[in-house]
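Chains as they are written, first to last, in this note's numbering: chain A, 1003 to 1261; chain B, 4 to 348. Note that the Cβ used here is the ideal one computed from N, Cα and C, for glycine as well.
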Amino acid sequence: MSAVVDGPILSVQGLRKNYGGVPALQGVDFDIARGEVCGLIGPNGSGKSTLFDCCTGLQKSDAGRVLLKGVDIGGWPMNRIAREGRLLRSFQKTVVFPTMNSEENLILAGQMARFPGIASTFSIGPASRARVKALRERAQELIEVSGLSRVAHLPAGNMSGGQQKLLQFASMLMPEPELVLLDEPLAGINPILIEKVIQCIESANKKFGITFLVIEHNTDVLMNLSHRVIVLHQGQKLADDTPEAIVRNPQVVEAYLGG
Amino acid sequence: MAITLDTPHAPSPRLPAVRWGAAGTALVALALAPLVLDSYYLHALIIAMIFLLPAHGLNLILGYTGMLSLAQGVFFGLGAYASALLSMHFGTPFVVNLFAAAGIAALIALPLGIPALRLRTTSFVMCTLGFVVIAQMVAKNWTDLTRGDMGLSGIARPKLAIPGLGDATIAITQIPHYFYLILAVALLATLAFVALIRSPAGRCMVAIRDNETLAESLGIPTWSYKLIVFMLSAAFAGLGGSLYAHYETVVSPLVFQMYYSNTILIIVLGGGVGRVPGAIIGSFLFVAVTEALRVTPELRMIIYGFVLLVLVFMFPQGIAPLLERATEWLSRLGGKTDANAEKQA
C-alpha cells in the first residue's frame, strides 16, 4: 500500500449510509492525525458504530470516501484493510475466539502480519515454525502485560467478560497496527479494569505511536484520555474540538452530555 | 465445542506420550489384523479405511472450519469415476490415478465452491445438497462417458512399481494386499491431515469456525481460506473414491447416493467432530460395524439406527471425547505410579 506519510492517517469525507431509507450517516467529514487519541461520542443511534463499520470495510457506505494514509480504501474487503492498511478494530460486544486459549488468540491476531501470504500459512517447515515462535514470544509478553497469565491456559470463552476485554485489546496490539478503532472498550468492566485498559491505551499510544479512535459512553474517562473529541448526532458531525471545549459546547450538552 | 487445535489445556507432561502410545498400539493392531482376521472382516476394515479419507475431508471443513458440506459423497464419486476412466481409457498406473482423482475432485470443487461459499449456514448446506442431486443425474445420463446405470466395470487392480527394480511390479489382487495398500494411504492421509490442522492455516480455520467476522477483522482472508478448505476436503474425498474404484473394480451412479454423504457425516459427527481421532474412530465404528452387521441383514439397519440414537442421546459430542478422557486417566495413573516409585526410592 503506497501511503502518504504526512497528512492525516484517516480521512473521512462526506460519508453517507442508509439502512432501508433510514439515514445512519449523513455526510460525515473528519480527519484523524497520526499519534492522536481521538474520542467519538454521541447518543445511541447517532451512527458511531456504523462509522466504524464503514471505515473498516464491514459495511459499504452509500456515498463518500474513506482515505487511509491517503489511499482510498472504498471497496476493500475488511481483511485487506486490516492487513495492508494496518487498521484494526474492536467490536461493541466483546468477541474472542472462544475455543482457543489466550496465546492462540494472540498468535492468530498477529499471524497475517507475519506471514507473507496464504500459501505460506499451510507450511509447517522451519520458516513457518520460526514465525510462529516469534509470535508466541510476543503473545507471552502481551499476556503478561495484560495481567492474563493466571488464566492464559483457559479457552477464552471460559474467561470473565473483563478478561476477554483485555484479551481483545491485546489482540489489537499483536499485529503492530498503526490505527485502532475501539468500540466501547470500557463497557461492562469494573473500575480496576477500566484503569488497566486506560493504561494500556496510553502506553500503546506513547510507546508505539499507535493512533486511536475511541467510542466510549464513559465521558469522564474519555475526556481525560483523548486529545480531541468528535461528537455525532443523528448521523451528522455536531462538534469536533478539544475535550475542554466539547464539555462547554451548549449543543453537545443539550444533545448528549446533559446538564 | 471446547477444543483447541487438538491441544489439551494444561496437559500433563505424560499426555502426549500416552496419546502417541495409543495411536502406535492401534496402528500395530491394524497392521497385525491380516494375520488373525479372515477376508470378510478385513474387507470391513478396508471399507472403513477408505471412508476415513472423505471423513478427514469433512472433518476439515465441518470440524475445523465450521461449514457443513453434504457434497463429500459427490467428490468421493468424482474421485471414483476419475480413477476408473483414467485407468480404462488411458491405462494410467494406480498411483497416477490416485493423485489425479484428488486433483480432479479439488478442481471441480473450485467452480462449485466459488458461488456456494458466498452462502452461509443452511443455505450453504442446501447448495451442497443440490450438488449431490446434480451429480447423480449427470452420472446417470451422460452415458457416453459414464455408461449410465450400467456403470464402469473391469477397473484395473493396482500394480505398484518397486523402486530400484526397473519394471518389476507388485500386483495387488488379494484382500490382505489391498489391506496394507489402503492402510498405507490412509496413514499418509491422516498425517497430512494432522499437518494441515497444526499449520498456521489450521489456526485460521478454527478462527473462521469460532467467529468469521472477528477473523476477517484481524486480516484473515476468510473466503479464500474457505475455498481452499473446500477444495482440500474434496481432494481427501477424491482419494477415497479412487481407492474405492480400484478396490471394488466397479463404479456406478450409486456412489452419488445420499447414503455415502450421510455415512461420511455420521462418521464425523459420531466419532467426534473437530478432533483427529474422531473421524478414525467413527470410520471403524460406523463402517466396519455396518459391514459386520451384514450377517444379520434383517436387523442390520435397525441395530445401526439404534446405535445412532444411543450415540446422540448419550454422547452428543461423539466417541472421541470419551477416548480423550481415557487417555487423560491413563496419563494421571502413570503420573501417580511414577510419583509412588519416586517416594519409595
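Option in the options with minimal Cα separation from residue i
i                  : options                                    : result
Ala218 of chain B  : A:Gln1170, A:Glu1180, A:Ile1217, A:His1219 : A:Gln1170
Gln1165 of chain A : A:Glu1204, A:Asn1192, A:Asn1220            : A:Asn1192
Gln1238 of chain A : A:Tyr1021, A:Ile1248, A:Gly1037, A:Lys1050 : A:Lys1050
Cys207 of chain B  : A:Asn1081, A:Ala1065, A:Asp1243            : A:Asn1081
Ser245 of chain B  : B:Ile50, B:Thr28, B:Ala34, B:Ala32         : B:Ile50
Gly1119 of chain A : B:Thr95, B:Val271, B:Ala204                : B:Ala204
Ile322 of chain B  : B:Val141, B:Ala103, B:Leu288               : B:Leu288
Thr1058 of chain A : A:Val1182, A:Ser1130, A:His1155            : A:Val1182
Pro114 of chain B  : B:Phe134, B:Phe102, B:Ser126               : B:Phe134
Ala189 of chain B  : B:Leu168, B:Ala240, B:Leu155               : B:Ala240
Ala138 of chain B  : B:Val290, B:Tyr263, B:Phe316               : B:Tyr263
Phe1093 of chain A : B:Gly281, B:Val31, B:Asn214                : B:Asn214
Cys1202 of chain A : A:Arg1131, A:Val1014, A:Leu1234, A:Leu1144 : A:Leu1144
Thr225 of chain B  : B:Leu101, B:Ser236, B:Val209               : B:Val209
Leu184 of chain B  : B:His59, B:Arg123, B:Ile53                 : B:Ile53
Limits of the beta strand (DSSP E) - the one that residue i falls within
i                  : result
Asp1222 of chain A : From DSSP, Asp1222 of chain A is part of no beta strand (DSSP E) but of the alpha helix (DSSP H) over 1221 to 1227.
Phe1032 of chain A : 1024 to 1034
Ile1043 of chain A : 1039 to 1043
Gly1016 of chain A : 1012 to 1021
Val1097 of chain A : Careful: Val1097 of chain A lies outside any beta strand (DSSP E) and carries neither H nor E.
Lys162 of chain B  : 162 to 164
Leu1090 of chain A : 1089 to 1091
Chain A contact for residue i (CB, 8 Å cutoff)
i                 : result
His12 of chain B  : A caution first: His12 of chain B carries a pLDDT of 43, below 50, which makes its placement in the model too unreliable to give a value.
Thr225 of chain B : yes
Val99 of chain B  : no
Thr7 of chain B   : Note on Thr7 of chain B: pLDDT 40, under 50, position unreliable in the model; the coordinate value appears next. With 8 Å as the cut-off, Thr7 of chain B counts as an interface residue toward chain A.
Met4 of chain B   : Unreliable placement is indicated for Met4 of chain B, whose pLDDT of 39 sits below 50; no coordinate value is reported for it.
Glu219 of chain B : yes
Asp152 of chain B : no
Ala329 of chain B : no
Cys130 of chain B : no
Arg206 of chain B : yes
Arg201 of chain B : yes
Tyr67 of chain B  : no
Val209 of chain B : yes
Asn265 of chain B : no
Ala198 of chain B : yes
Helix, strand or coil at residue i according to DSSP, with G and I counted as helix
i                  : result
Asn214 of chain B  : coil
Ser156 of chain B  : strand
His1155 of chain A : coil
Arg1067 of chain A : strand
Asp170 of chain B  : coil
Lys1239 of chain A : strand
Gln1165 of chain A : helix
Ile1232 of chain A : strand
Leu1181 of chain A : strand
Leu41 of chain B   : First, the amino acid is wrong: residue 41 of chain B is Asp here, not Leu. DSSP places Asp41 of chain B in coil when its eight states are reduced to three.
Leu71 of chain B   : coil
Val1199 of chain A : helix
Val1073 of chain A : strand
Residue i, enclosing alpha helix (DSSP H) - first and last residue
i                  : result
Pro300 of chain B  : 300 to 317
Thr1213 of chain A : No alpha helix (DSSP H) contains Thr1213 of chain A, which is instead part of the beta strand (DSSP E) from 1213 to 1217.
Val377 of chain B  : Absent from the structure is residue 377 of chain B, since the part of chain B shown begins at 4 and ends at 348.
Leu186 of chain B  : 178 to 201
Below-8 Å beta-carbon distance, residue i vs any chain B residue
i                  : result
Tyr1102 of chain A : The residue asked about is misnamed: residue 1102 of chain A is Met in this sequence, not Tyr. Output row for Met1102 of chain A: interface = yes.
Thr1052 of chain A : no
Gln1166 of chain A : no
Arg1085 of chain A : yes
Ala1005 of chain A : Bear in mind that the predicted position of Ala1005 of chain A carries a pLDDT of just 46, short of 50, making it unreliable; the figure below should be weighed with that in mind. Chain B, which has no Cβ nearer than 8 Å to the Cβ of Ala1005 of chain A, makes this no.
Glu1139 of chain A : no
Val1134 of chain A : yes
Arg1152 of chain A : no
Phe1171 of chain A : no
Ala1115 of chain A : yes
Phe1214 of chain A : no
Beta-carbon neighbours of residue i, restricted to chain C and to distances below 7 Å
i                 : result
Asn214 of chain B : This model lacks chain C altogether; the protein chains it does include are A and B.
Does the stretch 76 to 89 of chain B come into contact with the stretch 252 to 261 of chain B, if we say contact requires no fewer than three beta-carbon pairs (one atom in each stretch) closer than 8 Å? Enough Cβ pairs lie closer than 8 Å, so yes.
Between the stretch 292 to 299 of chain B and the stretch 35 to 51 of chain B, are three or more C-beta pairs nearer than 8 Å? With the cut-off at 8 Å, the stretch 292 to 299 of chain B and the stretch 35 to 51 of chain B touch.
For the structure I just gave you, are there three or more beta carbon pairs, one from the stretch 141 to 159 of chain B and one from the stretch 72 to 79 of chain B, closer than 8 Å? Between the stretch 141 to 159 of chain B and the stretch 72 to 79 of chain B, the count of C-beta pairs closer than 8 Å stays below three; the two stretches do not touch.
With a cut-off of 8 Å, do at least 3 Cβ pairs link the stretch 173 to 192 of chain B to the stretch 155 to 165 of chain B? The stretch 173 to 192 of chain B is in contact with the stretch 155 to 165 of chain B.
With three or more beta-carbon pairs closer than 8 Å as the criterion, would you say the stretch 313 to 331 of chain B touches the stretch 65 to 73 of chain B? Fewer than three pairs of CB atoms, one per stretch, sit closer than 8 Å, so the stretch 313 to 331 of chain B makes no contact with the stretch 65 to 73 of chain B.
Would the stretch 1063 to 1075 of chain A and the stretch 176 to 196 of chain B be scored as touching if the rule is three or more Cβ pairs under 8 Å? No: the two stretches stay apart, fewer than three of their Cβ pairs being nearer than 8 Å.
Quick test of the definition: if touching needs 3 or more C-beta pairs under 8 Å, does the stretch 195 to 204 of chain B touch the stretch 1114 to 1128 of chain A? Result yes; three or more Cβ-Cβ pairs closer than 8 Å.
Do three or more CB pairs link the stretch 57 to 72 of chain B to the stretch 305 to 319 of chain B at distances below 8 Å? When C-beta atoms of the stretch 57 to 72 of chain B are compared with those of the stretch 305 to 319 of chain B, fewer than three pairs fall below 8 Å, so the two segments do not count as touching.
Is there contact between the stretch 99 to 118 of chain B and the stretch 261 to 281 of chain B, where contact requires at least three CB pairs shorter than 8 Å? Short answer: they don't touch.
Counting pairs of beta carbons, one from the stretch 1203 to 1218 of chain A and one from the stretch 1033 to 1051 of chain A, are three or more of them closer than 8 Å? Yes, they touch.
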